[in-house]
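K.L.:
Have a look at the structure that comes next, please.
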Amino acid sequence: MIEEEKIFNKNILIAVDESENARRAVSYVGQLLGDVPGFKVTILHVVPEPEADYFPTSTQKEEWLTQYILKMDALLEDYRQLLINKGFDPKDVAVHSMLRYCPSMAACILSERDKTGSSTIVVGRQGLSRSEEFLFGSISSKVVNHARNCTVWVVE
Amino acid sequence: MNKTLSQETLKQMVSRWLPPHQVPRRFRIHTDTTNFVQVEYDDVVILSDRHYLIRHNAKEQRFGLDDEVKFWVKRAIDLEDGSLKIMKLVFYERFMSRIGDIEFERFRSPKKEARILDLVSGHKNFMHGYSIKDEKGNLIRILDFIKGKSLAVHIENMVMDHEAYYHERFPEILDHFFECVQSIRFLHENGERHGDLRRDHILIDRETGDYRWIDFDFNYKHRENIYGFDLFGLGNILVFLAGMGDVLLPDLKREAHPCLNTLSDADLNIIFNHRVVNLKKVYPYISEPLNRTLMHFSKDANWFYENTVQLLDDLEEVKNDH
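These protein sequence lines map, in sequence, to chains A and B. So for the first sequence, the working numbering puts the first residue at 3; every next one is plus one. So for the second sequence, the working numbering puts the first residue at 5; every next one is plus one.
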């Protein structure tokens, strides 16, 4: 019996943060697909809701959050421009930034993937040592291990 | 609004719990504990009409270092019922901590400790207490004093050879430790981390024999695995218990221990490179399931525990094998 061919869409979700490896992931997609028509990219940034315990007062928490979101908005625009400069049509590059309680960033990324239905997730590799991964876990490893119904690109 | 009692009334209250020569002539009274260094021996702190006579600052000793005085942690007597309490005043600190070559951010949170105290109220494997605000809104934690030694001291004081320890004492200790891991699972299931799981943060309650976790105010900035650092702490305690103390590479070298012929880098703790984790190479009678569990904390580990349930599953097997 011939299995029915699975259909993959051309929607790509790049999960980013402020790290260099995130920029590499964006750059990789730009270089690889910038001139190829038909692909749509969503740059996803999940702002993890800061833990209340981290700040002595809620005012301090709000101040931090405001500054952080401003900084990230600028960075996300920078990533968007990077893709456009590599040949993406501006209408095919969306930015999605959201504040979420996020005990696991990988789980948050995957849940956004499920909502968008993108066939491909792109993340940068953090380059953690074994011991760091042991102590704190790795987002890219977890995304790879837990992703379903999509392909994951981990950009070195 | 706090009710201020006269000096004479305070003296009468203190006289109920202290011998006459220890009753101070005058009391300095605090209703605002913001400057905790000024809260000193023989002072009285009033919190919601309850009066506490301050005794010594708490000290913490670890790894043979000098005692570190914690000025924000006081011993106190609750003058209503004479019970001994630990009073933790508000002290915020954030700092970068280093474990091996890994740096990460840690911080203290009175709110977290207060929340966990509520959560674990009545749970036999945790310290108990309550939180209360002073007149400036500082969230103070009042803890029941636990009489008993720490697990670290308990193990370090054992005078017997390892094989006898392993066969005669370790099974019971493992049962208690299993309960400790279950209680951390309970925290995790409720979205809380302990944040500072160490062998000297388990006290063995002299009255009940229960192992009880203390000190919940530390937290750390987590990355992907929110409970990873707690699991690492549990692993370190397990290795310590299985080895009847830390089995250190320099000690083995000093003794020219025969296991050195077979020990390799892979047998050491994934973070602390001088601690041996593959204890079966040192103590061959250690069971396979136990050693397999220990090896999840070694450099050779190819799979890391992500949660306490996984660790408990393996410990269950270790217990059954004993």
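All residues carry an ideal CB built from backbone N, CA and C; glycine is no exception. The structure presented is a predicted model; accordingly, all values stated were derived computationally and were not measured.
1) Would you please verify whether the beta carbon of TYR70(A) is less than 8 Å from any beta carbon of chain B?
2) On the DSSP bridge list, what partners appear for ASP234(B)?
3) Which word fits GLY68(B), buried or exposed, when buried means at least 16 other C-beta atoms lie within 10 angstroms of its C-beta?
4) Do you know offhand how far PHE31(B)'s Cα is from ALA246(B)'s?
5) Work out the CA separation of LEU253(B) and ALA260(B) for me, nearest whole Å.
6) So that I know if they touch, is there some Cβ in chain B lying closer than 8 Å to that of GLU134(A)?
7) Measuring only between beta-carbons, confirm whether SER113(B) sits less than 8 Å from chain A.
8) Between the alpha carbons of ASP200(B) and GLU64(B), how many angstroms are there, rounded?
9) Within the same chain, show all residues whose beta-carbon is closer than 7 Å to that of THR35(B), passing over the 5 residues directly before and after it, in chain order.
10) Note the first and the last residue of the continuous beta strand (DSSP E) segment covering SER291(B).
11) Compare the beta carbon distance of LYS92(B) and ASP55(A) with 8 Å and say whether it is the shorter of the two.
12) Which residue comes first and which comes last in the alpha helix (DSSP H) that contains ALA108(A)?
13) Any contact between the region 79-99 of chain A and the region 16-36 of chain A? By contact I mean 3 or more CB pairs, one from each, below 8 Å.
14) In three-state DSSP terms, what is VAL28(A)?
15) If you draw a straight line from the alpha carbon of VAL162(A) to that of VAL251(B), how long is it in whole angstroms?
16) If you draw a straight line from the alpha carbon of MET248(B) to that of ARG203(B), how long is it in whole angstroms?
17) Are ILE58(B) and VAL77(B) touching if we call contact CB-CB under 8 Å?
18) Identify, in the order they occur along the chain, each residue of the same chain with its Cβ nearer than 6 Å to the Cβ of VAL157(A), setting aside the five sequence neighbours on each side.
19) Helix, strand or coil for MET131(B), going by three-state DSSP, please let me know.
20) For the alpha helix (DSSP H) that contains TRP21(B), what are its first and last residues?
21) Since I believe ASP209(B) is in contact with ILE150(B) (beta carbons under 8 Å), could you give me their beta-carbon distance rounded to a whole number of angstroms?
22) For VAL70(A), does the three-state DSSP call read helix, strand or coil?
23) Would you list, in chain order, the members of the region 33-53 of chain A that have their beta-carbon closer than 8 Å to a beta-carbon of chain B?
24) Could you tell me the alpha carbon to alpha carbon distance between VAL39(A) and LEU67(A), rounded to whole angstroms?
25) For chain A, find out if any of its Cβ atoms is closer than 8 Å to the Cβ of LYS116(B); answer yes or no.
26) Hey, is MET107(A)'s beta-carbon within less than 8 Å of any beta-carbon in chain B?
27) Please state whether the Cβ-Cβ distance between VAL281(B) and LEU272(B) is less than 8 Å.
28) Any idea what DSSP makes of ARG203(B), helix, strand or coil?
29) For the beta strand (DSSP E) containing LYS78(B), name the first residue and the last one.
30) Within this structure, are the beta carbons of ASP148(B) and HIS132(B) separated by less than 8 Å?
31) Spell out the partners DSSP gives HIS47(A) in its beta bridges.
32) Restricting to Cα atoms, I'd like to know which of HIS192(B), HIS166(B) and ILE241(B) is closest to PHE220(B).
33) Among the candidates TYR309(B), TYR56(B) and ASN277(B), whose CA atom is the shortest distance from the CA of ASP85(B)?
34) Identify each residue in the region 235-264 of chain B for which the Cβ-Cβ distance to at least one residue of chain A is less than 7 Å, and report them in chain order.
35) Round the Cβ separation of ILE33(B) and THR8(B) to the nearest angstrom and send it over; I've been treating them as touching at under 8 Å.
36) Would you say LEU101(A) lies against chain B (beta-carbon separation less than 8 Å)?
P.N.:
Inspection of the coordinates gives the following:
1) Contact with chain B is absent for TYR70(A), since none of that chain's Cβ atoms lies less than 8 Å from the residue's Cβ.
2) DSSP output for ASP234(B) lists no bridge partner at all.
3) Confidence at GLY68(B) is low in this model, with a pLDDT of 49, below 50, so the placement of that residue is unreliable and no value is reported for it.
4) Approximately 50 Å between the Cα atoms of the pair.
5) Taking the straight line joining both Cα atoms gives about 10 Å.
6) Among the CB atoms of chain B, one or more fall inside 8 Å of the CB of GLU134(A).
7) At least one C-beta of chain A is nearer than 8 Å to the C-beta of SER113(B).
8) In a straight line, the C-alpha of ASP200(B) is about 14 Å away from that of GLU64(B).
9) If we look at THR35(B) and ignore the five residues flanking it on each side, its Cβ neighbours are ASN6, ILE50, ASP138 and GLU139.
10) Per DSSP, SER291(B) lies in no beta strand (DSSP E) and is assigned neither H nor E.
11) Contact flag unset, no.
12) Judged by DSSP secondary structure, ALA108(A) falls within the alpha helix (DSSP H) whose first and last residues are 107-118.
13) Touching, yes, given that three or more Cβ pairs across the two stretches are closer than 8 Å.
14) Helix at VAL28(A).
15) The structure shown has nothing for residue 162(A), since chain A only spans 3 to 158.
16) Each residue's CA atom was taken as its position, placing MET248(B) and ARG203(B) some 12 Å apart.
17) Going by C-beta atoms, ILE58(B) is not nearer than 8 Å to VAL77(B).
18) Correct list, in chain order: ARG26, ALA27, TYR30 and GLY126.
19) In the structure shown, MET131(B) sits in coil (DSSP, three-state: anything other than H, G, I, E or B).
20) No alpha helix (DSSP H) holds TRP21(B); DSSP gives it neither H nor E.
21) At roughly 6 Å, the Cβ-Cβ gap stays under 8 Å, so ILE150(B) and ASP209(B) are in contact.
22) For the sequence presented, residue 70(A) should be read as Tyr rather than Val. The answer is helix: DSSP assigns TYR70(A) an H, G or I state.
23) If the cut-off is 8 Å between Cβ atoms, the region 33-53 of chain A has GLU53 near chain B.
24) It is Pro, not Val, that sits at residue 39(A) in the sequence shown. Rounded to whole angstroms, PRO39(A) to LEU67(A) spans 37 Å at the Cα level.
25) With its beta carbon less than 8 Å from one in chain A, LYS116(B) belongs to the interface.
26) Yes, contact with chain B.
27) Contact annotation: VAL281(B) and LEU272(B) have beta-carbon atoms nearer than 8 Å.
28) It is helical.
29) Residues 72-82.
30) Remark: C-beta atoms of ASP148(B) and HIS132(B) approach each other more closely than 8 Å.
31) DSSP links HIS47(A) through a beta bridge to SER99(A).
32) Ranking HIS192(B), HIS166(B) and ILE241(B) by Cα distance to PHE220(B) puts HIS192(B) first.
33) A check of alpha carbon separations from ASP85(B) across TYR309(B), TYR56(B) and ASN277(B) identifies TYR56(B) as the nearest.
34) The residues in question are PHE236.
35) Contact between ILE33(B) and THR8(B) holds, since their C-beta atoms are separated by about 7 Å, short of 8 Å.
36) For LEU101(A), the answer is no, since every Cβ of chain B falls outside 8 Å of its Cβ.
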